[in-house]
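Chains as they are written, first to last, in the numbering used here: chain A, 167 to 535; chain B, 54 to 252. Glycine is no exception: its CB is placed at the ideal position from the N, C-alpha and C atoms. What you are looking at is a predicted structure, and each value in this text was computed from that prediction instead of being measured. The next block holds one structure in the form of structure tokens; read it before the comments.
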């Protein structure tokens, strides 16, 4: 090669699929100019299991456990979205008791999902300790799941039309105890991280995505809110009775990695607030709505979406009147948010890329489906 | 591009694939009990696009418009600029192999300002190349790649139309109804995984 040692050439570097900070099997092909990222190409699909195809070949009830396997750290949210979508097609609503329990379990799941995000994100940045702490707190939530439905991760906690299981003795008490246990811990994490100079130095101004870009890329969830857009489906188009709860939508200003961190921390506090309110008002009554044994929604289609921990999780289901969905489309927030990686990463350093991947909060099971 | 083969070629040579026969063609769907949808938006669209939009309907309180395939991208652009539908939620498709215009293409839009959702639907035949929505909404990039990957619908003007979830050399489009649930590209499996079949 001609030229002096000062000349640089572009280097193509393969990051992943087996790389600890890609959160699973994400492969990013990087174009580098020195240490600077000049372009990225995401290669996804390593975990593709054909969930949508499976859905077309299962009955509505049979497909419900499959959806838990997409975003497996927020399985309850996936289940809620699916149940709501089928309920919409059937034109039934879960009874009030079921709705309140759904809110409790879904919000606990939001906390669990954000905890996992916090632990792994901090680990990527180089802070090992938070990971052990968040696992300890998450355990409280998983214990409640285990006691309620027997499963900890892929819970299949809900059924189309309501709930399968009646609550166990002392459910509300234990839920509140878990909240009391977790709430001060969130302040503890903030003590560890928020004022930490290294933490701030690694996150502030990194991976900026402003509100306009977010809308262009269809980015939703905490990333959109960190860019200053006060938009949350729980407020904008409430479902499962979210309009009855008192909670705030935290927003950021700069749309950088640090603001996303702050937004998610505050979301955990708000989730605890919702869970506490809900645990105080679990009404008596049935837990299943009027749903036939064989679910055959009338011919038609519906799109129903919820505010999952990662963003807008939508199900578009086409029914042809048979017991199997004709088409199930999942609108995965992780997949669509990941698309903005290229925009955020261009011009940053490789080490920042690790922070940016972490801040999107992807779960590859959901990206690849 | 390696994945540009015709889907007919595969059904003609079933020996290339195995793992269960393709399922029998599903029955023709009955009709959705949709009601007409009228609003300020439909009036605007009617005035601007006229005959190009054949239907304004609502089902279960969700509004949708059915348009000619070549009108879809102009409609998306019009809705974005004139009616604040600035967030393209999703693009997806559904396959009806017994129809001459085999695919339903569905665009789901949302407006932050109006807090309202609209679906734009169109029907395209196999081999028809609908315009890419990428110039209007950047998010269409991966969404259209996925539709192409799963259904084999090629979008004209897409900047980077490659498979996204399946391997690049894979043959066939999994979400087409004439692909069986366990049907796979045996050649690819053999060459890349060194096994006879993944099933």
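For residue 111 (chain B), no CB of chain A lies under 8 Å from its own CB, so it is not counted at the interface with that chain.
Here the stretch 504–516 of chain A does not lie against the stretch 486–494 of chain A, with fewer than 3 beta-carbon pairs under 8 Å apart. Within the DSSP secondary-structure output, residue 146 (chain B) pairs in a beta bridge with B:158. Put simply, the CB of residue 151 (chain B) is far from chain A, with every gap to its CB atoms at 8 Å or more. In this structure, the beta-carbon distance from residue 266 (chain A) to residue 461 (chain A) does not fall below 8 Å. DSSP places residue 244 (chain A) in no beta strand (DSSP E) but in the uninterrupted alpha helix (DSSP H) bounded by 241–256.
For residue 187 (chain B), not one C-beta of chain A is nearer than 8 Å to its own C-beta.
Between residue 198 (chain A) and residue 516 (chain A), the gap from beta carbon to beta carbon is short of 8 Å. Close CB contacts of residue 435 (chain A) within its chain, under the 8 Å cut and outside five residues either way in sequence, are with 349, 352 (chain order).
Only residues of its own chain outside the window of five on either side were considered, and among them 148, 150 have a CB closer than 6 Å to the CB of residue 230 (chain B), listed in chain order. Put simply, the backbone Cα of residue 181 (chain B) is about 25 Å away from that of residue 84 (chain B). Under DSSP, the beta-bridge partners assigned to residue 115 (chain B) are B:112. For the pair of segments examined, the stretch 210–219 of chain B was found not to touch the stretch 458–477 of chain A: the number of CB pairs separated by less than 8 Å stays below three. Within the stretch 450–480 of chain A, the residues whose Cβ lies closer than 8 Å to some Cβ of chain B are 464, 465, 466, 467, 468, 469, 471, 478, 480, listed in chain order. Those residues of the stretch 87–115 of chain B placed with their C-beta closer than 8 Å to a C-beta in chain A are 87, 112, 113, 115, ordered along the chain. By the Cβ test, the stretch 154–174 of chain B is in contact with the stretch 195–211 of chain B, since at least three Cβ pairs between them sit closer than 8 Å. Straight through space, the alpha carbons of residue 360 (chain A) and residue 404 (chain A) are spaced by roughly 31 Å. Under DSSP, residue 89 (chain B) forms a beta bridge with B:110. At least 8 Å separates the CB of residue 231 (chain B) from every CB of chain A. Here the stretch 274–291 of chain A makes no contact with the stretch 414–421 of chain A; the two share fewer than three CB pairs at distances below 8 Å. Beyond the five residues adjoining it in sequence on each side, residue 255 (chain A) comes within less than 7 Å, by CB distance, of 463, 466, 468, 483, 485 in the same chain, given in chain order.
DSSP places residue 179 (chain A) inside the beta strand (DSSP E), whose first and last residues are 176–181. Per DSSP, reduced to three states, the secondary structure at residue 221 (chain B) is coil, with no helix or strand assignment. Distances from the alpha-carbon of residue 220 (chain A) to those of A:209, A:208, A:235, A:207 put A:235 closest. Counting only Cβ-Cβ distances below 8 Å, residue 400 (chain A) has no contacts in chain B at all, with the closest Cβ about 13 Å away. Within 10 angstroms of the beta-carbon of residue 263 (chain A) lie 16 or more other beta-carbons, which makes it buried. Residues of the same chain with a CB within less than 7 Å of the CB of residue 384 (chain A), apart from the 5 flanking positions on each side, are 502 in chain order. Per DSSP, reduced to three states, the secondary structure at residue 237 (chain B) is strand.
Neighbours of residue 227 (chain B) in chain A, taken as residues at a C-beta separation under 8 Å, are given in chain order as 216, 219.
Every alpha helix (DSSP H) stretch that sits fully inside the stretch 276–337 of chain A and reaches 4 residues is listed by chain position as 295–315.
For residue 381 (chain A), the closest Cβ of chain B is nearer than 8 Å. Each residue's CA atom was taken as its position, placing residue 247 (chain B) and residue 183 (chain B) some 38 Å apart. Your pair residue 285 (chain A) and residue 297 (chain A) checks out as a contact, with CB atoms roughly 4 Å apart and the cut at 8 Å.
Distances from the alpha-carbon of residue 317 (chain A) to those of A:507, A:347, A:241 put A:241 closest. For the C-beta of residue 257 (chain A), the chain B residues within less than 9 Å are, from N- to C-terminus, 113.
Below the 9 Å Cβ cutoff, chain A contributes no neighbours of residue 241 (chain B), its closest Cβ being approximately 13 Å away.
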